[in-house]
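Below you'll find the structure, written out as structure tokens, and then a few comments.
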Amino acid sequence: MKSNFWKAAIWSGIIGAVVMIMLEMIMNPIFLNKSGWLPPTMMGAIWYGKEILAGKPHFDFGLFMSAMAIHFPLSVLYGIIAAFIVKNRTQSIAIVIGIVLGLLLYFINFYGFTAIFPWFAKARNWVQIVIHIIFGVVVAWSFIGIFNKPATAIKNDQ
Numbered sequence: 003m004k005s006n007f008w009k010a011a012i013w014s015g016i017i018g019a020v021v022m023i024m025l026e027m028i029m030n031p032i033f034l035n036k037s038g039w040l041p042p043t044m045m046g047a048i049w050y051g052k053e054i055l056a057g058k059p060h061f062d063f064g065l066f067m068s069a070m071a072i073h074f075p076l077s078v079l080y081g082i083i084a085a086f087i088v089k090n091r092t093q094s095i096a097i098v099i100g101i102v103l104g105l106l107l108y109f110i111n112f113y114g115f116t117a118i119f120p121w122f123a124k125a126r127n128w129v130q131i132v133i134h135i136i137f138g139v140v141v142a143w144s145f146i147g148i149f150n151k152p153a154t155a156i157k158n159d160q
């Protein structure tokens, strides 16, 4: 497999991770009247344990970095999986596939992972559905955009 594939797959996961965490931290307070720090706190509880959920969500550098140490590798993994699925598709088909993958990821995260991390069941809501759909679209769209970059542009990037 060409190195451009892996570069595009990894970067699409990173881009998706950044967009997703930003949307979670912005949309939770606006639409759900919940702290923007709730999503990173819930992710950090995977590392630190559910006890940290007892307090009010707030910024804690160590907790945030632990959450990102979980969030980013998972997003890169999802980016790689999405890349294999959308690599030979047009951008419009890739976006449709991204919508489906985002929905699938929502169900995996909030129904599958809750068997191990039950506190994520409390975050099942329409905002998370929208954010996961956007994540899938961003990952698919950015992968196609990076992967289909002309060879001369890729050579100049290195």
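With the numbering used here applied, the sequence shown covers 3 to 160. Glycine included, each C-beta is placed from N, C-alpha and C at the ideal position.
Query - Straight-line Cα distance separating Gly51 from Ala85 - result: Within the sequence shown, numbered from 1, the residue matching residue 85 stands at position 83. Within the sequence shown, numbered from 1, the residue matching residue 51 stands at position 49. Ala85 and Gly51: Cα-Cα distance of roughly 32 Å.
Query raised in the report: Does DSSP classify Ile118 as helix, strand or coil?
Result: One-based indexing of the sequence shown puts residue 118 at position 116. Coil, per DSSP.
Query raised in the report: When DSSP labels each residue in this structure, what does Ser37 get in the three-state scheme?
Result: Locating residue 37 in the sequence shown gives position 35, counting from the first residue. Note: Ser37 maps to coil in three-state DSSP.
Query raised in the report: Which residues mark the beginning and the end of the alpha helix (DSSP H) in which His73 is found?
Result: Within the sequence shown, numbered from 1, the residue matching residue 73 stands at position 71. If you look at His73, you'll find it in the alpha helix (DSSP H) that goes 63-88.
Requested in this report: Step through the CB atoms of chain C and report whether any lies within less than 8 Å of the CB of Trp13.
Outcome: Chain labels in this structure do not include chain C; a single protein chain is all it has.
Requested in this report: Measuring alpha carbon to alpha carbon, tell me which of Gly114, Leu65, Ala10, Val141 ends up nearest Ile95.
Outcome: In the sequence shown, residue 95 corresponds to position 93, counting from 1. Looking only at Gly114, Leu65, Ala10, Val141, the smallest Cα-Cα distance to Ile95 is reached by Val141.
**Report entry** Glu26 vs Ile133 beta-carbon contact at 8 Å
**Finding:** As a first step, residue 26 must be located in the sequence shown, where it is residue number 24. As a first step, residue 133 must be located in the sequence shown, where it is residue number 131. A contact, by the Cβ cut-off of 8 Å.
Requested in this report: Please confirm whether Ala125 and Met44 have their CB atoms less than 8 Å apart.
Outcome: As a first step, residue 125 must be located in the sequence shown, where it is residue number 123. As a first step, residue 44 must be located in the sequence shown, where it is residue number 42. Closer than 8 Å, so yes.
Query raised in the report: So the alpha helix (DSSP H) Ile95 belongs to, where does it begin and stop?
Result: One-based indexing of the sequence shown puts residue 95 at position 93. Run containing Ile95: 93-109, per the alpha helix (DSSP H) assignment.
Query - Candidates Phe119, Trp128, Gly15, Ile72: closest to Val139 by CA position - result: Taking the first residue of the sequence shown as position 1, residue 139 is located at position 137. Of all alpha-carbon atoms in Phe119, Trp128, Gly15, Ile72, the one lying nearest the alpha-carbon of Val139 is that of Gly15.
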